[in-house]
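Read the structure below first, then the notes.
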Amino acid sequence: MGFASFLIRRILLGIVVLWFVTVATFLLFFVAPQDPARLLAGKNTTAAQIANINRRLGLDQPLIVQYWHYLDRLLHGDLGTSYLTGTSVNTILKQDLPPTLSLLVGGVVLWLIVGISVGILSATRARTLLDRISTTGVLIGITFPTFVLGLLLLFAIYKPLNQAGFHWIQTGYEGPTQSVSGWVGHMILPWITIAAVSAATYTRLTRGSLLDVLGEDYIRTARSKGLSERRVVYRHGVRAALTPVVSQLGVDIGTLAGGAVVTETVFGLGGIGQASVTAITTGDAPVVLGVVLMAALFVVVANLIVDICYSILDPRVKLA
Amino acid sequence: MSLTELEFQGETTGSGPVQVIQGRSPWVLAWRRLRQDKVAVASLIVILLLALLAILAPVIAAWVGHPPNMPYTNQGLSSTGLPVAPSSTFFFGTDDLGRDLFIRVLYGAQVSLLVGFVSTLIGTVLGVAVGMMAGYFGGWIDTVLARSTDAVLAFPYVVLALALAVVFGPSLLEVIVVISFFSWAAIARVVRGQTLSIKEKEYIEAARSIGASPMRIMVLDILPNLIAPVLVLATLAIPTAIVFEATLSFLGVGVQPPTASWGNLLSQAQAFYQTSWWYLIFPTAFLLLTTLAFNLLGDGVRDALDPRTERLFAAQRKRGRARSKGAKPAATVEGAS
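In the order they appear, the protein sequences are chains A and B.
Here the first sequence is numbered in the numbering used here, starting from 1 and rising by one per residue.
Here the second sequence is numbered in the numbering used here, starting from 1001 and rising by one per residue.
This is the structure we're talking about:
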């Protein structure tokens, strides 16, 4: 089984998953008791006006026809237009992508760096003060729900700093194109918020996994060969210890998308997560479909990358 | 086996000739171990106290004289219309409508504990049923069930939960349904794995050979062996459910005001963190204390039921000791270099 056939199979599978997501979301929103036409027209409208809007949006046609039209547009790269504002969903997603992307990429980098490095330190210095501190930190990190951590960071860091006249850390979003420092100032608290829970979980995972690996016979062999401790731990230990960590990553990608919704809401970043909350609560089905499809695409692609990394770390794993 | 168990055995054999030697079931032993675990006992006490406060919330409200939804527009709000700070009248201060925050936090505990227990119960029953069927029957049943378990686990659940919340209309029942829907998968996965190994045991083969039905084998022969791991998972699922409820209510698709829940209290407090610290801090403290207590208790239960497993949180003393042979030279080499 070569790499190419693996890739083709996974991409086909991904397309099936995405198709399934469109069907599920489509059905879900047609079971919903909301009436988009009424939503659009406001309170005092005649039945004729409503029928008119329904015709314009194509909502008077049978469900299967509506779905067919949706799929047809989708394959041409058109995600439809928002019921509420009339803007194209493509535009909305494009506008809201930068804050979400900044948040996710920065968050994952912070989460992996902190989680794995603290885990390694903690395992190689098991039962020392440092290990105790990190285990306590893990406990605190796991206990804090994402939105609570965000609120507490606003309360304990953002508020006192800004009251003291130190305005680097800000809420809202500012792109890195104007000033990188400004971007980091806006993103640093959201990054910490979204990364904390996962970093704590990964610290624990890495620590446990590395402790297990360091007890293996081949590590003893490596030590008895006279290799330096650094080489034993990093070349022989960490590589094997990271495989369960990476496989866990695939499962946690979905959680990350949820974390983005909460974090964006707390810090007012105005990304795709926040847009999805608004769209869902107002019953703006085309926007919801677009967001969910995007989230699903993200999960599918991220899982593919995770699986490839997995096979690089552990050569015994065959890509299939 | 802990030291005290050995001591106890010594006592029973050593004293008096008229000794009844009792067999101790694994459950009695587990309970003994749990009682030795100070952290677990403290967590249990915290949870019981919290449950007591939640149950007695109406009584406390009547005693203080502040109903949960009563706005005290004169005493409860400052001259500028902001919440007032904690005082002897309002123990935790007031919220933005001048309601007694202490009473509302207690009522919030009702919601949290109710959602935590009920949705964990539903999720556990579902998870055990699905996991056991997938593991026992195998074949296409396993493929379908295991795939859907993975799908639920991998899906960005907050997004789907939001959608379901809107479709069914936000309410307490909706919150419980949504959380149950997402909590079964983790349990099903573990139960499936356990069932796969249990069903290869000889006594299952024996049961099958005397013609026991699959249902009978699953309920009478497999289920009892699953109780210990499921109990641990369920204890750890409760804080997850509580946090989930708080998150949904925080996003405005969970429990709706005026019913108080820690999540919607915090959602309202969000606008006042600059001026009224108590509004943010008290619900936060209760939420954190509750999740912490359940997590630590779950850890204790795991230790008590299976002393070999490593602790989730506390420094891993047992493991450290077992590995001291391997770990010590590492430390010295590191120290020298």
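Backbone N, C-alpha and C define an ideal beta-carbon position, used for all residues, glycine too.
For clarity, every value in this text was computed on a predicted model and none was experimentally measured.
For E1205/B, the enclosing alpha helix (DSSP H) starts and ends at E1202 to S1209. Non-local C-beta neighbours of G175/A in its own chain, meaning closer than 7 Å and more than five positions away in sequence, comprise P98 and W183, ordered along the chain.
For I120/A, same chain residues with a beta-carbon under 7 Å away, outside a window of 5 residues either side, are T206, L210 and V238 in chain order. Under the DSSP assignment, G1193/B falls in the alpha helix (DSSP H) whose first and last residues are L1172 to I1198. Here the alpha carbons of T1275/B and S1088/B stand approximately 20 Å from one another. Taking one beta carbon from each stretch, the segment 1203-1222 of chain B and the segment 1262-1278 of chain B have fewer than 3 pairs nearer than 8 Å; the two do not touch. At a cut-off of 7 Å, the C-beta of A1163/B has a neighbouring C-beta in chain A.
At a beta-carbon threshold of 8 Å, none of the residues of chain B lie near T206/A; the nearest stands roughly 14 Å away. The closest CA to that of V21/A, considering only V288/A, D217/A and G270/A, is found on V288/A.
Among the residues facing chain B, L103/A is not included, as its CB has no counterpart in that chain under 7 Å away.
For the pair L18/A and D1095/B, the Cα-to-Cα distance works out to about 45 Å.
Taking 7 Å as the cut-off, the Cβ atoms of W1184/B and L1114/B do not count as close.
Annotation for I116/A: the continuous alpha helix (DSSP H) segment containing it runs V89 to T124.
In the three-state scheme derived from DSSP, where H, G and I count as helix and E and B as strand, D1221/B is classed as helix. Per DSSP, the beta bridge partners of T1094/B are D1100/B. In the DSSP assignment, the residues bridged to T81/A are S88/A.
For F1250/B, the residues of chain A that pass the 7 Å Cβ criterion are F147, in the order they occur in the chain.
E1200/B counts as exposed, since fewer than 16 other beta carbons sit within 10 angstroms of its beta carbon. Secondary structure at L1251/B: coil, using DSSP grouped into helix, strand and coil. In the DSSP annotation of this structure, the continuous segment of the alpha helix (DSSP H) that includes Q49/A starts and ends at A47 to L57. Burial check for R223/A: the Cβ neighbour count within 10 Å reaches 16 or more, so the residue is buried. Rounded to whole angstroms, L1029/B and V1039/B show a C-alpha spacing of 18 Å.
Interface criterion met: the Cβ of L1288/B is under 7 Å from a Cβ in chain A.
Under the three-state reduction of DSSP, P1071/B is assigned to coil, being neither helix nor strand. The straight-line gap separating the alpha-carbon atoms of D1221/B and I1227/B is approximately 12 Å.
Close CB contacts of V1175/B within its chain, under the 7 Å cut and outside five residues either way in sequence, are with V1115, E1245, L1248, G1254 and V1255 (chain order). Against chain A, the beta carbon of T1235/B has no neighbour under 8 Å; the closest one sits roughly 14 Å away.
With distances taken between CA atoms, I1187/B lies nearest to V1152/B out of L1077/B, V1152/B, V1167/B and L1160/B. Annotation for N303/A: G250 and I253 place their beta carbon closer than 7 Å to its own, counting only its chain and skipping 5 residues before and after.
Close to L130/A, with beta-carbon spacing below 9 Å, lies no residue of chain B; the smallest spacing is near 11 Å. The residue among S1078/B, V1130/B, L1160/B and Q1075/B with its C-alpha nearest the C-alpha of L28/A is L1160/B.
Annotated three-state conformation of L227/A is coil, per DSSP. Annotation: Cβ neighbours of F144/A in chain B (cutoff 8 Å, chain order): L1288.
A Cβ-Cβ contact shorter than 7 Å links A260/A with L103/A.
Restricting attention to L1196/B, V1158/B, G1093/B and P1257/B, the CA atom closest to the CA of G1138/B is found in L1196/B.
With respect to the C-alpha of G268/A, the residue from L313/A, G137/A, T171/A and K225/A having the closest C-alpha is T171/A.
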